[in-house]
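Novice:
In mature numbering (1 follows the signal peptide of the UniProt record, and there is no 0), the protein residues as written are -23 to -1, 1 to 134.
1. DSSP beta-bridge partners for residue 86?
2. Run the CB neighbour count on residue 85, radius 10 Å, all protein chains shown included, and call it buried at 16 or more, exposed below.
3. Please check the pair residue 66 and residue 7, which I expect to be a contact at CB under 8 Å, by giving their CB distance rounded to whole angstroms.
4. Starting from the C-beta of residue -8, find all residues in its chain whose C-beta is less than 6 Å away, skip the five residues before and the five after it, and write them out in chain order.
5. Mapping DSSP to helix, strand and coil, what is residue 18?
6. Decide if residue 79 is buried, meaning its Cβ has at least 16 other Cβ atoms within 10 Å, or exposed.
7. How many Å lie between residue 20 and residue 45 at the Cα?
8. For residue 132 and residue 115, what's the separation of their Cα atoms in angstroms?
9. Would you mind reading off the limits of the beta strand (DSSP E) that contains residue 57?
10. Taking C-beta to C-beta, are residue 137 and residue 48 nearer than 7 Å?
11. Excluding five sequence neighbours on each side, which residues of the same chain lie with their C-beta closer than 6 Å to the C-beta of residue 31?
12. Check whether the Cβ atoms of residue 63 and residue 104 sit closer than 7 Å, and answer yes or no.
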C-alpha cells in the first residue's frame, strides 16, 4: 500500500513537471525579413481572435477550432500584405497566398473543441480553412495548405 502511494506521488510530480515545462516551451517561430520572434502557447492566447466550425478530411463531424487568424498573424509580423510560408515539424511546408488570407482568413488553430492540441492531435498549431462556410470540403488545394504541427511561419514578399 505504501509503495503504491509513493509511486502515485512520484508519477504526479513527473506529470506536473511535464505540464509546466510544456507551458513554457516555444511552439512557434514567426519571421519577417530576418526579424524573428518565438512564442509559447501562453503568449499566443492573447492574439486568438477567430473561431472556425468546420468539417475536415481528418476530423469526425463538425469541429470547433480557435486560434490566431491569418490577418492577425500578418499584424503580428508587422506587414499588411504578404504570402505566408508555413512549415511543419517534419519540414513539410506550404504557401498560403495573400488572396487566401483575403478570401478565407484561415486560422492558426491552437485549440480544437476547447482543448489545446498535442503533436499527436496535429498540434500545437494547425492551419484551418473555413471549408464548410465556403463549401470547399473537397478542395484538395486548400487541404494541402492546411499544415498541421506548424513550427514556423515566414513572410514571402
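No residue lacks a Cβ here, since even glycine has one placed at the ideal position from N, Cα and C.
Specialist: Here's the rundown:
1. Note: residue 86 sits in a beta bridge opposite 44, 103.
2. The residue is buried, with at least 16 neighbouring Cβ atoms inside 10 Å.
3. 15 Å between Cβ atoms; not a contact.
4. Confidence at residue -8 is low in this model, with a pLDDT of 38, below 50, so its placement is unreliable and the value that follows should be read with caution. Nothing meets the Cβ criterion.
5. The three-state reading of DSSP puts residue 18 in helix, counting H, G and I together.
6. In the assembly as shown, residue 79 is an exposed residue. Its beta-carbon has fewer than 16 other beta-carbons within 10 Å.
7. CA-CA distance, residue 20 to residue 45, rounds to 11 Å.
8. Straight-line Cα distance between these residues: approximately 27 Å.
9. Boundaries for residue 57: no beta strand (DSSP E) harbours it, and the DSSP string shows neither H nor E there.
10. Only positions -23 to 134 of the chain appear in the structure, and residue 137 is not among them; the question remains open.
11. Only 107, 108, 109 meet the Cβ criterion.
12. Yes.
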